[in-house]
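Asker: Structure below; questions to follow.
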Amino acid sequence: MKDLLYICNPIAGRGKARERLSGMIEFYNSCGFIPRVYMTGPDRDLKEAFSLFPESGFLVCSGGDGMLNLMINTLSELGIDVPIGYIPMGTTNDFSKTIGLPKKFEDVLRTSVSEYYSRIDAGELEGRRFAYVAGFGNFTDISYKTPQISKNMLGYLAYLLEGARSISDIKPYHVKVTAGEEILEGDYVFGLVTNSTSVAGVRPPSGAATKLDDGLMELTLIRMPRNLAELRELAGSYLTSDGRSELIECRQGREFGFEAEKLDWTLDGEFGGCYDKCHISVLPKAFAVRRPEPSLKTGNNEAKKRGKDSKAERQRSQQ
Numbered sequence: 013m014k015d016l017l018y019i020c021n022p023i024a025g026r027g028k029a030r031e032r033l034s035g036m037i038e039f040y041n042s043c044g045f046i047p048r049v050y051m052t053g054p055d056r057d058l059k060e061a062f063s064l065f066p067e068s069g070f071l072v073c074s075g076g077d078g079m080l081n082l083m084i085n086t087l088s089e090l091g092i093d094v095p096i097g098y099i100p101m102g103t104t105n106d107f108s109k110t111i112g113l114p115k116k117f118e119d120v121l122r123t124s125v126s127e128y129y130s131r132i133d134a135g136e137l138e139g140r141r142f143a144y145v146a147g148f149g150n151f152t153d154i155s156y157k158t159p160q161i162s163k164n165m166l167g168y169l170a171y172l173l174e175g176a177r178s179i180s181d182i183k184p185y186h187v188k189v190t191a192g193e194e195i196l197e198g199d200y201v202f203g204l205v206t207n208s209t210s211v212a213g214v215r216p217p218s219g220a221a222t223k224l225d226d227g228l229m230e231l232t233l234i235r236m237p238r239n240l241a242e243l244r245e246l247a248g249s250y251l252t253s254d255g256r257s258e259l260i261e262c263r264q265g266r267e268f269g270f271e272a273e274k275l276d277w278t279l280d281g282e283f284g285g286c287y288d289k290c291h292i293s294v295l296p297k298a299f300a301v302r303r304p305e306p307s308l309k310t311g312n313n314e315a316k317k318r319g320k321d322s323k324a325e326r327q328r329s330q331q
């Protein structure tokens with residue numbers, strides 16, 4: 013029997029994590045695991061949970077993207093580098109869409125203890141890591157200001173309703189952005205630094221350029237519309253991900269600098285601090301996530317190579 017630490021946010025996904033707990037334990041037992049369950053409390057400090065984690069054990073967590081953010085930061089602080097088995101139970105589950113986790117719950121459970129995993133780039137803003145998105149500006153605070161009970165009752169609609177209430181209050185943020193040797197400056201509605209093909213359920217304009225392990229992240233800046241016609245054109249361009257609006261600026265880079273009077277940041281849907289000057293850098297292949305094993309019947313040589321690479325990496329870590 014193998015040890016498994018299962019960390020769970022019991023209120024995520026309309027409380028599904030708690031409801032499905034007994035069935036999950038039964039599944040892991042049938043796969044030869046002895047699960048140790050840790051449910052997060054109001055303080056959301058996971059260091060106590062890792063006192064239960066054996067070196068050779070499997071690690072699984074369930075919850076929203078904020079739970080994943082907490083996981084990668086805790087693992088970094090403790091100096092633990094093990095693949096994460098991730099069971100998405102949040103409202104939008106952007107990260108799970110990006111890495112291609114299965115939609116069926118039974119398949120997600122199997123993937124959470126798969127022998128195949130990938131190493132993925134993380135971002136870091138002033139010492140705190142994020143898995144897939146850092147954002148500032150209008151509406152970026154919706155995910156952490158929307159009450160959890162509202163998320164549970166309305167799902168993704170809660171995000172849209174909260175945004176609609178604030179649309180008349182759109183304000184520009186004058187920001188100076190350094191992207192490599194280029195300097196961008198202007199009045200922006202919001203800005204994103206992403207390593208994702210989904211943000212708040214929508215494909216960002218830079219999503220087509222996203223590769224999860226290339227050491228690069230994508231910068232998207234949205235300039236302030238001057239009138240209602242520009243606002244409508246911007247919304248249509250952003251929501252269809254064509255990025256053709258002159259108000260949308262996209263760049264790629266390994267690091268970005270931001271200067272403004274004050275910017276509130278959100279990291280993976282969680283509050284990430286307020287800064288007048290900050291720096292974001294890419295941490296190449298900073299964490300590992302278990303993923304569905306590519307089918308060898310597809311003839312995908314690159315997928316086969318990744319599978320072999322992760323097997324070799326596991327063998328090295330066990331030596």
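Just so it is clear: in the sequence shown, position 163 is 175 by the numbering used here, and no numbers are missing. Glycine included, every Cβ here is placed at the ideal spot set by N, Cα and C. Remember, predicted model here, so these are calculated numbers, not experimental data.
#1: So, under 8 Å CB-CB, Gly284 and Ala146 are touching, yes? Tell me the CB distance rounded to an integer number of Å.
#2: Relative to the C-alpha of Asp226, which residue among Thr232, Ile195, Gln264 is closest?
#3: Within a Cβ cutoff of 6 Å, which residues of the same chain sit near Met51, ignoring the five residues on either side of it in sequence?
#4: Classify Gly149: buried if its beta carbon has 16 or more other beta carbons within 10 angstroms, exposed otherwise.
#5: With the cut-off set at 8 Å, would you say Gly96 and Leu71 are in Cβ contact?
#6: Compute the Euclidean distance between the alpha carbons of Pro296 and Ile132, then round it to the nearest angstrom.
#7: List the residues that DSSP assigns as beta-bridge partners of Arg131.
#8: Buried or exposed, going by whether 16 or more other CB atoms sit within 10 Å of the CB of Ala220?
#9: Suppose you measure from the CA of Leu279 to the CA of Lys14; what does that come to, to the nearest Å?
#10: Suppose the cutoff is 8 Å on Cβ atoms and the five residues either side in sequence are ignored; what does the same chain contact list for Met101 look like?
#11: Thinking C-alpha only, which one of Lys116, Val120, Ser108, Met236 is nearest Gly198?
#12: Tell me which residue opens and which closes the alpha helix (DSSP H) that Met51 is part of.
#13: Specify the secondary structure class of Glu118 as computed by DSSP and reduced to three states.
#14: According to DSSP, is Lys223 helix, strand or coil?
#15: What span of residues does the beta strand (DSSP E) with Glu60 cover, start to end?
#16: Since Thr123 contacts Arg302 with CB under 8 Å, what's their CB separation in whole angstroms?
#17: In three-state DSSP terms, what is Thr123?
#18: Checking the sheet assignment: what are the DSSP bridge partners for Met229?
#19: Go through its chain and collect everything with a Cβ distance to Asp126's Cβ below 6 Å, but skip five positions before and after it.
#20: Which residue wins for smallest C-alpha separation from Gly69, given the options Glu118, Arg48, Ile111?
#21: What residue range is occupied by the uninterrupted alpha helix (DSSP H) comprising Tyr40?
#22: Assign Glu194 to one of two classes, buried (16 or more other C-beta atoms within 10 Å of its C-beta) or exposed (fewer than that).
#23: Could you work out which residue in Glu138, Lys59, Arg215 is closest to Thr232 when comparing CA atoms only?
#24: Measuring straight from C-alpha to C-alpha, what distance separates Gly91 and Phe202?
#25: Note the first and the last residue of the continuous beta strand (DSSP E) segment covering Gly78.
Answerer: On the basis of the supplied data:
#1: The pair is a contact, with the Cβ atoms about 6 Å apart (cut-off 8 Å).
#2: Out of Thr232, Ile195, Gln264, the CA that lies nearest to the CA of Asp226 is found in Gln264.
#3: If you ignore the 5 residues before and after Met51, its C-beta comes within less than 6 Å of the C-beta of Cys20, Pro22, all in its own chain and listed in chain order.
#4: Label assigned to Gly149: buried.
#5: The sequence shown places Ile at residue 96, not Gly. Yes.
#6: About 7 Å.
#7: According to DSSP, residue pairing for Arg131 in a beta bridge involves Ala300.
#8: With fewer than 16 other CB atoms across the displayed protein chains lying within 10 angstroms of its CB, Ala220 is exposed.
#9: Distance from the CA of Leu279 to the CA of Lys14, rounded to the nearest whole angstrom, comes to 34 Å.
#10: Cβ neighbours of Met101 beyond the five flanking positions: Asn21, Ala24, Gly25, Lys28, Ala29, Ser74, Gly75, Gly76.
#11: Minimum Cα distance to Gly198 is reached at Met236.
#12: Unbroken run through Met51 is the beta strand (DSSP E), 45-51; no alpha helix (DSSP H).
#13: Note: Glu118 maps to helix in three-state DSSP.
#14: Correct three-state label for Lys223: coil.
#15: Note, Glu60: premise wrong, no beta strand (DSSP E); not H, not E.
#16: By a beta-carbon distance limit of 8 Å, Thr123 contacts Arg302. Their separation comes to about 6 Å.
#17: Reduced to three states, the DSSP call for Thr123 is helix.
#18: In DSSP, Met229 forms a bridge with Gly265.
#19: One point to set straight first is that residue 126 is Ser, not Asp, in the sequence displayed. The beta carbon of Ser126 is closer than 6 Å to those of Arg302, Glu305 in its chain, skipping five residues each way along the sequence.
#20: Ranking Glu118, Arg48, Ile111 by Cα distance to Gly69 puts Arg48 first.
#21: Residues 33-42.
#22: Exposed.
#23: Closest option to Thr232, judged by alpha-carbon separation, among Glu138, Lys59, Arg215: Arg215.
#24: Looking at the two C-alpha atoms, the distance is approximately 34 Å.
#25: Element bounds for Gly78: not the beta strand (DSSP E) but the alpha helix (DSSP H), 77-90.
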